[in-house]
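This report concerns only the one structure given below.
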Amino acid sequence: MCPVRETDKLILNGMLHLLAVCLFALLFGVVWSITGRECLPGGNLFGIIILFICSVLGGKLVGMIQLPTLPPFPPLLGMLLAGLLLRNVPYVTDAIFIDTHWSAALRNIALSIILTRAGLGLNPEALSRLKAVCVRVAVGPCMVEACIVAVVSHFLLGLPWVWGFILGFVLAAVSPAVVVPSMLLLQREGYGVEKGIPTLLMAAGSFDDILAITGFSTCLGIAFSTGSTWMNILKGLLEVVGGIVAGMILGMFLYCFPSNDQDLVLRRTLMLLGLSTFSVFFSHVIGFAGAGGLCTLVLAFLAALGWKTEKAPVAEMVGRSWDVFQPLLFGLIGAEITIKALSPSTVGLGMACILVGLVIRLLVTFLLVHYGGFNLKEKLFISVAWLPKATVQAAIGSKALDMAREEGDEALIKFGLDVLTLAVLAILTTAPVGALGIGLAGPRLLARQVKGQQAYTSTHCVVAS
1 MCPVRETDKL ILNGMLHLLA VCLFALLFGV VWSITGRECL PGGNLFGIII LFICSVLGGK
61 LVGMIQLPTL PPFPPLLGML LAGLLLRNVP YVTDAIFIDT HWSAALRNIA LSIILTRAGL
121 GLNPEALSRL KAVCVRVAVG PCMVEACIVA VVSHFLLGLP WVWGFILGFV LAAVSPAVVV
181 PSMLLLQREG YGVEKGIPTL LMAAGSFDDI LAITGFSTCL GIAFSTGSTW MNILKGLLEV
241 VGGIVAGMIL GMFLYCFPSN DQDLVLRRTL MLLGLSTFSV FFSHVIGFAG AGGLCTLVLA
301 FLAALGWKTE KAPVAEMVGR SWDVFQPLLF GLIGAEITIK ALSPSTVGLG MACILVGLVI
361 RLLVTFLLVH YGGFNLKEKL FISVAWLPKA TVQAAIGSKA LDMAREEGDE ALIKFGLDVL
421 TLAVLAILTT APVGALGIGL AGPRLLARQV KGQQAYTSTH CVVAS
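Set out below in C-alpha cells:
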C-alpha cells in the first residue's frame with residue numbers, strides 16, 4: 001500500500017471536523033424546530049445545556065490541579081463554581097435562564113441516583129463485621145454535629161428548631177467524593193493500611209451519609225406538615241416507616257424481575273433507576289416527601305443483596321448515569337446562589353455555625369476513636385479526614401428550598417435559602433481544605449507499610465462517590 005501523504009491526512013481530518021459541525025448544526029436545527037425560543041439564548045433548554053458544558057469544563061480544570069504527594073482537588077468544586085459564575089456574571093446571567101421547576105426536577109433525579117449508589121454500595125458482610133469503633137465513627141459525629149448546628153443556628157440565624165435540625169443534618173454528612181479518592185491514594189501508598197484506617201473510613205462513610213439523609217428526610221416531613229406538633233412528629237415517623245416498607249417491597253420486586261432469560265444488566269439498571277426516580281417524585285405528589293429518599297436507599301440495598309456478585313455491572317452503569325448528572329447537580333446548586341442577594345450577616349453567622357459544628361465534630365470523632373487501638377497521630381488523622389462536605393450537601397441542600405417554593409410561603413423560602421447558602425459555603429470551605437488536610441496529614445501522621453510487607457487482606461467497601 002502507498003503511504004498516506006501528510007496533505008491527505010489534513011484533508012481527512014478537516015472533512016471529519018466539517019462532518020461533526022454539520023451534524024451539530026443539524027441537531028440544533030431539529031431541536032430549534034421543535035422547541036423554538038427554548039434553545040436560543042434566554043431559553044430554558046439553552047441555559048441547561050450551557051450550564052452542563054461549563055460545569056463539565058470547570059470540573060476538568062479543577063481536576064487538573066495536581067500537587068505532588070496530594071490527592072487531586074475534587075472536580076465538583078469546579079462544577080459548583082461554574083454555576084456560581086454563570087448566575088452572578090453581568091450579561092451572562094440574562095442569557096442563562098433555567099426554570100425553577102426544571103432545576104428542581106433535575107436535582108431530584110440526581111438525588112435519586114446518589115441514593116441508589118449509596119444503597120448499592122452497602123456491603124452486608126461488612127455490616128455484620130463492623131467493629132464498635134466503625135459504628136461510633138459513623139453515628140456519633142453525625143448526630144452530635146447535627147444537634148450542635150441546630151442549636152447554634154436557632155440562636156444565631158433565628159431558624160425554627162425543626163429548620164435548625166434540617167440544616168444540622170444537611171451539614172452533618174461527610175463527603176465520599178472527597179474522602180474515598182483520598183483514602184484510596186493513601187491505601188495505595190501503604191499509609192494506615194496495617195490498622196485498616198482507609199477501609200474504616202470508607203466503610204463508615206456510607207452509614208454516616210445514610211444516617212444524615214434519614215434525619216434530614218424525617219425533619220423535612222415534620223417541617224412541611226400542618227397540624228399539631230405531635231401529629232407532625234407522627235407524620236415524620238410514618239414517612240420513615242412508609243419509606244422503608246415501600247423500599248422493601250420494590251427491592252424484592254427487583255430481585256425477582258427481570259428474569260434470568262433477559263438482558264439482565266441493562267434491564268436491572270433501567271428498572272432500578274426508574275423505580276428510584278419514581279419513588280422520589282411520587283413521594284412529593286402524595287405529600288410524604290421524606291419517604292422517597294429512604295425508599296430508594298432500601299430498594300437499592302435489597303436488590304443488590306439479592307443480586308449478590310451480579311450487582312457490580314449494574315453499579316457500574318448507575319455510575320455512568322452519575323457522570324452525566326453530577327455536573328448538572330453541582331452546576332444547578334451553584335446557580336441558585338445570587339451573591340448580591342446574600343446578606344453579609346447571614347454569610348458571617350452561617351460560617352460561624354459551620355465552624356462551631358466542625359470543631360465539635362473533630363473533638364467528638366477524636367474521643368470516639370480513643371479506645372479503637374489507634375495512637376495519638378492516627379486519632380488526629382481520622383478526626384481531620386472526617387470533616388469534608390460536598391456530595392450530600394449538594395444533593396439535599398436545595399430540597400427544602402424547592403418545597404418552600406411549592407408552598408409559596410416567603411418565610412419558608414427564606415429559611416430554605418439560608419439552608420442552601422450554608423450548604424454551598426460548607427462545600428466551598430471544607431472540600432478543598434479537607435482534601436488538602438488528608439493529603440498533607442496522611443504521610444505525616446500514619447505509619448507506612450512498604451509494599452513488600454503488604455501481605456494482608458482487606459475488604460474494600462464500595463461507597464457512593
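The opening residue of the sequence shown carries number 1 in the UniProt record's numbering; numbering runs sequentially from there.
For each residue, glycine too, the CB sits at the ideal point set by N, CA and C.
Keep in mind the model is a prediction, meaning the values are calculated, not measured.
In the three-state reduction of the DSSP assignment, Tyr255 falls in the helix class.
At the C-beta level, Phe278 and Ile396 stay beyond 8 Å of one another. In the DSSP assignment, the residues bridged to Tyr191 are Arg448. Ala441 is classed as buried because its beta carbon has at least 16 other beta carbons within 10 Å across all chains shown. Assignment of Lys389 by DSSP, reduced to helix, strand and coil, places it in the coil class.
Here DSSP, grouped into helix, strand and coil, assigns Ala173 to coil. Distance from the CA of Asp99 to the CA of Ile333, rounded to the nearest whole angstrom, comes to 13 Å. In the displayed model, Glu336 falls within coil according to three-state DSSP, outside both helix and strand. With the rule of 3 Cβ pairs closer than 8 Å, the segment 21–40 does not count as touching the segment 53–68. In this structure, the straight-line span from the alpha carbon of Leu27 to that of Ile48 is close to 16 Å. Rounded to the nearest whole angstrom, the C-alpha separation of Thr421 and Leu349 is 11 Å. Of the candidates Ser345, Leu305 and His101, His101 places its Cα closest to the Cα of Leu45. Judged by DSSP in its simplified three-state form, Leu23 adopts helix.
Between Gln326 and Pro74, the alpha-carbon positions lie close to 12 Å from each other.
When DSSP states are grouped into helix, strand and coil, Asn88 belongs to the helix group. In the three-state reduction of the DSSP assignment, Pro443 falls in the helix class, which pools H, G and I. Note that the C-beta distance between Ala394 and Phe330 is below 8 Å.
Around the beta-carbon of Pro443, fewer than 16 other beta-carbon atoms lie within 10 Å, marking it exposed. Taking a cut-off of 8 Å for Cβ pairs, the segment 292–303 and the segment 230–247 touch, as three or more such pairs fall below it.
Per DSSP, the unbroken alpha helix (DSSP H) holding Thr346 starts and ends at Pro344 to Leu368.
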